[in-house]
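Below you'll find the structure, written out as C-alpha cells, and then a few comments.
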Amino acid sequence: MLGFLKQPVVVTAEINVNLVALTVMGLVNRLWALSYPRAVVFDEVYYGQFVSLYMKRIFFVDDSGPPFGHMLLAFGGYLGGFDGNFLWNRIGAAYQILVELHFSHCAAFGAALLILFENSLITQSRLMLLESVLIFFILLAILSYLKFYNLQKCSPFTAGWWFWLLLTGVACSCAVGVKYMGLFTYMLLLAIAGVHSWHLIGDQTLSNVSVLCHLLARGLALVVVPVAMYLFFFYVHLTLLYRSGPHDQIMTSAFQASLEGGLARITHGQPLEVAYGSQITLRNVLGKPMPCWLHSHKSTYPIRYENGRGSSHQQQVTCYPFKDVNNWWIVKDPGMQQLVVSNPPRPVRHGHIVQLVHGITTRYLNTHDVAAPLSPHSQEISCYIDYNISMPAQNLWRVEIVNRELDTDVWKTILSEVRFVHVNTSAVLKLSGASLPEWGYRQLEIIGEKLSKGYHQSMLWNVEEHRYGKSQEQKEREVELHSPTQADISKNLSFMARFTELQWKILTLKNEDTEHKYSSSPLDWITMDTNIAYWFHPISGAQIHLIGNVLTWASANVATLVYVCLFLWYLLRRRRKICDIPEDAWRLWVSAGGLCVGGWAVNYLPFFMMEKTLFLYHYLPALTFQILLIPVVLQHLTDHLCRSQLPKNAFSALMVAWFSSIYLVYRTFSPLTYGEPTLSAAELRALRWKDSWDILIRKH
Amino acid sequence: MGGRAGQSRGAGWGRREVTGPRRFLSRCAGSVLWHFRPGSCLTSPAAAALRPPARRTTTPTMPCEGTRLRFPPCPTARTPFPLVPCAGMPGRRHLPRVGARMTLAAGCCQAESGPRCGGLRQRRPRRPAGEPSRPSPLPRAWAPLEAPVGVWAPLAFVTLLSFASRFYRLSEPPHVCWDETHFGKMGSYYINRTFFFDVHPPLGKMLIGLAGYLSGYNGTFPFQKPGDRYEHHNYIGMRGFCAFLGSCLVPFAYLTVLEMSKSLYAALLAASILIFDTGCITLSQYILLDPILMFFLMGAVLSMVKCNSCADRPFSASWWFWLSLTGINLAGAIGVKFVGLFVVLLVGLNTVYDLWELLGDLSLSLVTLGKHLLARVFCLILLPLALYTAQFAVHFAVLNKSGPGDGFFSSAFQSRLIGNNLHNVSVPEHLAYGSVITMKNLRMAGGYLHSHWHLYPEGVGARQQQVTAYLHKDLNNLWVIKKHDSNTADHLDPSYSVEFVRHGDVIRLEHKETSRNLHSHQHEAPMTRKHFQVTGYGINGTGDANDFWRIEVVGRKAGKRIKVLRSQIRLTHLATGCILGSSGKTLPKWGWEQVEVTCTPYVKETPNALWNVEDHINPKLPNISLDVLKPSFPEILLESHMVMIRGNSGLKPKENEVTSKPWHWPINYQGLRFSGVNETDYRVYLLGNPVVWWLNLVTIGLYLLMATCAIVAMKRGVQLTAEFKELSEVLLHSGGKIMLGWLLHYLPFFMMGRVLYFHHYFPAMLFSSMLTGITWDTLLKFCAGRLSCSMGRRVYTYGTLALMLLIVYSFYLFHPLSYGMVGPMASDPNSPMAGLRWLESWEF
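Those protein sequences? They're chains U and W, same order as listed. Quick note: the first sequence uses our numbering, first residue 1, plus one each step. Quick note: the second sequence uses our numbering, first residue 701, plus one each step.
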C-alpha cells in the first residue's frame, strides 16, 4: 500500500506534499462554516466572559486553571475575530512526531488522517475552548523534544539543538499555562528526559565536564525556563488586570488594596500603624464560607437556644459579610479611659494587651466560659453587658501578629495578620464557619477556640479600614464612624506576594456545583458511553455534540491492548534471552510505546483520583496519544508479524477497508460535529448508536 | 549480582544461628585472628586484655577491638606479633578492607565468598603457611556477631529495654485516654457481642476484645469520653497487650536491620532509636490499633527480609516458613487497618523484583519458575485472603446481637442480628397495593423516607409539608402504596383481590399519618439548588398529577413483582422525569436536622437515588420468614467493605477546622494530646523525641545524597574498591527497600481527602528509623575507610557513641511526654519541661 512513498527520489518533496495536503485538509475540515453557529456554545460562556474582562482590564480569578489560555483567547479577540484555530494545527504535529520516531511516512500519514477524521477533536477545536490549545502545546512539546533528541546524537550544542531544546521547555510551560492538565505531560517529558540523561551519564566516552554541560543545559531548558515562563504569564496577567472587579472579595485585603478602585479607593491614605485609639474594621483572613468582618449589634443572644442550652444573654458578636458601620471597633489601652489617639500616636505591638470596644454601642469584646451558640465545645464571644450577675467582664485580649518579622513588630493596617488571644482563658477569636439562625440574622458565628491548635486562617484577622479616632464623645464618634474614611497612600504588594496569593487561591478555590447534566466518570470515556450536547438550535433542531468517532476510539483501545500484551510478551521473552524482534525494532517499540501509552496513561489515569466534575472533553488529550499509537502498532504488525507476502497483502487490504470505514463514520456523524445540515428526528434516532448517548430529539 | 551473593551469605548465617554456634565460634575466631594480625592496630595486647568487659556491648562495632576483646583467652590473640602501625601500610589500598570485613563479616557462606577472601588474603604478606588448607575462612572482623553473645546478648538487651520502657507506668493515667474511648469501647462490644460499625477492619479490635476477655475485663465499662476513670474495671490487660505488641517492634527492627546490613551497630542504632522515641512509647501504651498494626507491619517486613535471605535455598523448610509468615502478617496488617495495604504493596513490589531476577536466571527451568510463582501466589495472595476472610467470619459470628452499628447496614443485613426488629420477623414477600411500607435509602446511613406535619418555611420552595430522610424508626416513616388513579382506600376492603405492584407501574405514595401524597414539582430543593423539591401534598390522599411516580426495580424486566428488602427501587417522577433521592445534606433547624430528600433531574445510578422496602404490612398477604432473604457470607463481606470504604471517605475535615497536614509529621511539628489539658491534669502528649525525629529527617536527605553519589559513580564506571562496592550494595539494596517502605507509608497520605492525624506517620517512622541505622552505619564505615586505621577506628567508635548518647540524653529530657507530666505548662519557667518547648506549636 502506498508503495510509491518509499521511493527515495521523492522523499524530500514528499514530506512537503504530505504536510501541505494534510494542512489544507485540516484547515478545510476545521474551518468549514466556522462562524456557524452564531451563538455562545457551552463553556464559551465562561471564556467569553474572561475575554471581555481582559478587554476591560478588570481583575478576576478563575479556578479552572492558570491564565495563559485565557490570555491567548483574549489576544485572539484583541486582534479581531481570530479565535486561535489557525495556529493549532495538530495534524502536522502528529505527522512529524511519528516521523521523528523513525516510523514510515505511511504510518505518519495514517496517524494524521486518524486525527483529521476524529469528530470530537474537530468539534472541540472549532469552538472557543481551551482543550485544543492544550493538545497543540502538548504535541509541540513532544515533537520538539524528539527533534532535539534526534539531533543529540550527531550535533549537540548547535543552534538547532538549542532551539528544539528550548522550544520543548517553552511548549511545556505553555501547556501548563493553559490548563493544569498539561502538568502531566510535562512530568512525562521530564521522566523521558531523565531516562535519556541517565543513559548519558552512563556514556563513558563523554568527559565528566561535557556530561555536566549536557545536564545543565537540560536543567536550564526543561526546568528553569518553564518556571520562568509560568511566572511571566502571571506577571502579564497581573499587569494587565489592574482594576478591581467581581472576584475581589476572595482575595486578601492587601491584594485588594493593590487593585485600582474597590478597596483601594477606601483604604487609600489610611494611617499604616494601628495605635491605641484607632478605629478599625477587622476582616477574617480565611474568607470562607464568605469574606466577612467582625461585627456586633444591639441584639443579644437568646436566653435559651432551641435545644435548651442557655446563653449569657449578652450582646451578639458575629461575622458580617457586608460593609456596615457596626463593623467598626476601637482599640483601647486597658490602663486608660480615652478612646482617641494621643499625640504622638502610641502604636500597638506584638504581644500587647488591648481591649476592643465596639464603636456604635461602646461595649467591650468579651469571652467567658459559656458555650458558643452552634459550637458547644468553644466559648461564646459577646459584647459585655453587666447584668449584675456573677459573670465578670473578661475583656483583655493579647495581640499576636502571626506574620511578624521581629517580636517588636507594630500592628499594621492590611498587612499584619493578627490573632486575638484571650488573656484569662487563652481562647482564640475564631470564625467557626457556621451561620447563626434567625435570631442572629443568619450572620456567621464567632467563637473562642479554647485549644489553640496550630494556626488556621480562620483565627487570623487583619485590619482593613483604619483611622485615628479623634472624638471622645459618643455622639461625635458615631458621626465620625458614619463618615467615609479619608485618603492618601497606596500599599503595593510585590509581584511574588501577589503571585503566591493568586496561585494559592486558584488551586484551593472550590466550585460548589458537583453535578452537571453532561458530567461523566472517567470509565465512561474509554468506551465513549457519554457525549456532551454543546448547542441546540431552538427552531430548526440543528445541534452540535461532542461525540467521537466510535471506530477510532475502539481501534485505539484495541491498539493499546495489543501494545501492552505484546510488550509484556517481548519483555518476558527477552528476560529469558529470546529475542523475537531485532534490537533496533525493540528499542523503537519501547520508545514509541512509552511515549504514546505513557502519554495516554498520564493524561487519563489521574482523573480517577480527582473529585471535581469531569467531562468527556477532559479525555481528549489522552485520546490524541492513543490515536498516535494505532499506526505504531499497525506498522509493527506489518513489519514483524506478517512474515510472508500473502498475509501482508491481506493486511493492507484490511487496512484500506478500515480506513474507509473510519471515514464513513466520520461522515455519518459530521452533522452533529458541524451543526449542519439539520437532521430529521428519524435520522437522529438512527445516529443514536448507544443508548447512553444523549441526542436531543424533539417531540412533535 | 552482588545483592544475591550478600543475601545468600546472610542465609547461611541465619541457618547457623540455631544449629552450631559454639563450633562455629571457635573456627571463626581462629581465622579472624590470623587474618587480622597484620592489619590490627593493637598497640599492646596486654592493654586489650585489661579492658573492662563492660564495654562489650558497644565495642563490637570496632573491628580491631572487637576481635581482640571478644576472645581474650585465645592465645593467638595475644601473640606478640610485630603489630604494624597502620600508618606504615599503604593506607589507601589497604584500609578499605576494614569496610569489607565489616560487611562480609556476618556472612558464613564460605562457598560463595571464598574466591574473594582468597583475593584479599593474597595481599597479606604474613599469612602462615598452614592457612590455605582451611576450607575458606573469611576475614571476619565482625565475627563476634556470629557468636551467641554477639547476636543474642544485644538482642536480649534491646528487647529487655524495650519491654521495660513500654511497661513502665503502664497503668497511668487510670482514665480513658484519647482514642481509647473508641477502641476500648469496641473491645467491649466484642465481649458483649453487640454489633457495631467502624471504618477499620475487625482484627485489631477483636484482639483487644480478646485480650480484655482473657484478662478478666467484663465489658461493662462504657468508655464514654476521654478522661473517664476506670475505677475498678480491669483495663491493664488490654493496655498490656498493646504494650506487648508495641515492645516487639524493637526486636523486629533490630533483626530486620541486622539481616539487611549485616552490621550489629546499624541494628543497635535502629533499635535504640525506637526504644528511646517518646512517640513510639506513648503510642504503645494505650488501647489503640496502632501498636497492633505496626506489629504486623514490622512482622511482615522482617519475614520478608528473612525470606529473601533464604533465597539460595528455595523450597526449604525455613523458606516456606518465612514466606508463609509474611503472608500471615500481611493478613494481620490489613486486618487491623487499611493502611496495611501499603506494606502489602511493599512486599508485592519486592516479590515482583524477586521473580524478575529469577526469570533472568537462565539456569532455572520454566517449571521451577512456575513453582516459584505458585508458591508466592499461594503464600502471599491466597493465604492472606483466606485469613482476612476468616477474620470477618469470626467478626460476624461473634457479633450477633443488635447494637449501635445496625443503621449503617442494609435491611437484609440487619435481619441477621438478634434483637433487631428485623430479626426473625416475617413479612409478605411481594409488594401489593394497599401495603403499608417503610422505604430505606441505599446510601450509607441513608435513612427512611419520612414526612411530618411541619411545612417548609417561607422562602424555601413551595410552602408544603416537609419530606425528609430520617435515620431512626418512627411511625412517620410509614407510607401506603396506592394506584395512581384510584383515590379511595379500597385496597383494604377484603372483597378486593390482592393486586401486586409490578416493575414499571405508576403509583402514588400516601403518608400514613398525615394522608398526604409524596409530591414533587419544579421548585428548587432547600439545600441542593439544582434538584427539585419533594413535599407532601393533597388532603386525604387526593392530590394532583404531580403525585405520580413510576416504580422501577434496578436490573429487572417489566411486569415483575417487587420484593421486600431485596429489590432496589427507583421512583421516577412522572411529570418532570426526575428521580427521588436523598442528597445526604442535613437540613437546618426548621427541618429538625434530618436529611434532605430531593428529586434529582440527573439520571444516574447512584445509591442516593435507590431505595428498598423494609417494613411491609399487608394483612391480606401470607407472611414469609425473612430467613430466606438473609444475605450470604460473600454478600455480607462485600457490603461491610462498601460501608467501610464509604465511611472512610466520609471522614472529611470540616471547613474552618484545624487539621494535621502530612508535611507536619516528619518535622514533628505538632503532637496529639492524649490526656489532660490544664496545669493540674496528668498530661500525656504524643510527640516524637525531637532529636530522634530530626535525626531521621536529616538522614533521609543524607541517604538520598549518598545513594545518588554511589549510583552515579557506578554508572560513570568509577573504579571502586571491592569494599566500597560492598558498602554501596548495602546502601542501595537494603537501604533502597527501606526507603521504598518509607515512601509507600508516607506519600499516599498527601493524596488522602480524609481527616489525618499525627499518629498516621508512625508506620513510616519505623522505616525511617531503620534507614537511619543503616545510613549512619554506612557513612561511618565509609569515613573510617577513608582515614588512617587508628583515626578511622576512633571516628567510628566516637561517632557511634555520640549518636547513642545523643539519643539517650534526649530521651532523658523528653521522657515526661510519655510517662506523664503534672504541674505548670512548659511555657511557665517553673515547669520541669521549661526550655524544652523548642517549637511554638508543641502544646505541653
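Cβ coordinates follow ideal geometry from the N, Cα and C atoms, glycine included.
Those residues which DSSP pairs with residue i across a bridge
i, result
"Gln315(U)", "Thr300(U) and Cys383(U)"
"Asn1323(W)", "Pro1128(W)"
"Gln1166(W)", "Thr1235(W)"
"Cys174(U)", "Cys174(U) pairs with nothing; no bridge assigned."
"Val410(U)", "Arg349(U)"
"Leu1209(W)", "Ile1181(W)"
"Glu1158(W)", "Beta-bridge pairing links Glu1158(W) to no other residue."
"Ser278(U)", "Tyr468(U)"
Beta carbon proximity, residue i to chain U, threshold 8 Å
i, result
"Lys1101(W)", "no"
"Arg1416(W)", "yes"
"Val1412(W)", "yes"
Span of the alpha helix (DSSP H) around residue i
i, result
"Ile250(U)", "Where Ile250(U) is concerned, there is no enclosing alpha helix (DSSP H), given that its DSSP letter is neither H nor E."
"Glu1423(W)", "Ala1422 to Glu1429"
"Phe1482(W)", "Phe1462 to Arg1486"
"Arg309(U)", "No alpha helix (DSSP H) holds Arg309(U); DSSP gives it neither H nor E."
"Phe148(U)", "Glu131 to Cys154"
"Met1139(W)", "Run containing Met1139(W): none in the alpha helix (DSSP H); it sits in the beta strand (DSSP E), Val1136 to Asn1141."
Below-8 Å beta-carbon distance, residue i vs any chain W residue
i, result
"Ala487(U)", "Per-residue confidence for Ala487(U) stands at a pLDDT of 43, beneath the threshold of 50, marking its modelled position as unreliable; no derived number is given."
"Lys505(U)", "no"
"Glu380(U)", "no"
"Glu44(U)", "no"
"Val11(U)", "Note that Val11(U) scores a pLDDT of 43, beneath 50, so its modelled location is shaky and nothing firm can be said."
Residue i, buried or exposed, once every other Cβ within 10 Å from all chains shown has been counted against 16
i, result
"Tyr1509(W)", "exposed"
"His297(U)", "buried"
"Thr1272(W)", "buried"
"Cys565(U)", "exposed"
"Glu1158(W)", "exposed"
"Asp407(U)", "exposed"
"His199(U)", "exposed"
"Val718(W)", "Residue placement at Val718(W) cannot be trusted, given a pLDDT of 34 that sits under 50; what the coordinates show is reported in the next sentence. It counts as exposed."
"Met1533(W)", "buried"
"Ala1093(W)", "exposed"
"Phe428(U)", "First, the amino acid is wrong: residue 428(U) is Val here, not Phe. Counting Cβ neighbours within 10 Å, Val428(U) comes out buried, since at least 16 surround it."
Residue range of the unbroken beta strand (DSSP E) whose run includes residue i
i, result
"Ser1282(W)", "Ile1279 to Thr1286"
"Tyr1498(W)", "First-last for Tyr1498(W): Cys1489 to Phe1514, but that is the alpha helix (DSSP H), not the beta strand (DSSP E)."
"Cys1007(W)", "That residue, Cys1007(W), is in no beta strand (DSSP E); its alpha helix (DSSP H) goes Asp990 to Ser1009."
"Glu449(U)", "Leu444 to Glu449"
"Ile1411(W)", "Looking at the DSSP string, Ile1411(W) is not in any beta strand (DSSP E); the run it does join, the alpha helix (DSSP H), is Pro1390 to Lys1415."
Scan the stretch 1284–1314 of chain W for residues whose Cβ lies nearer than 7 Å to a Cβ of chain U and list them as they occur along the chain. Lys1289 and Tyr1302
For the stretch 199–231 of chain U, which residues have a beta carbon sitting closer than 7 Å to at least one beta carbon of chain W? Ile201, Gly202 and Gln204
Can you list, in chain order, the residues of the stretch 561–588 of chain U whose Cβ is nearer than 9 Å to any Cβ on chain W? Leu572, Arg575, Arg576 and Lys577
Determine which residues of the stretch 1053–1068 of chain W have a Cβ less than 9 Å from any Cβ of chain U, and write them out in chain order. Trp1056, Leu1059, Gly1060, Leu1062 and Leu1066
Please list the residues of the stretch 1435–1456 of chain W that have a C-beta atom closer than 8 Å to any C-beta atom in chain U, keeping them in chain order. Met1451 and Gly1453
Cβ-based contacts, 7 Å cut-off: residues of the stretch 297–311 of chain U near chain W: Glu306
Listed from N- to C-terminal order along the chain, which residues in the stretch 599–615 of chain U have their beta-carbon within a distance smaller than 9 Å of any beta-carbon of chain W? Met609 and Glu611
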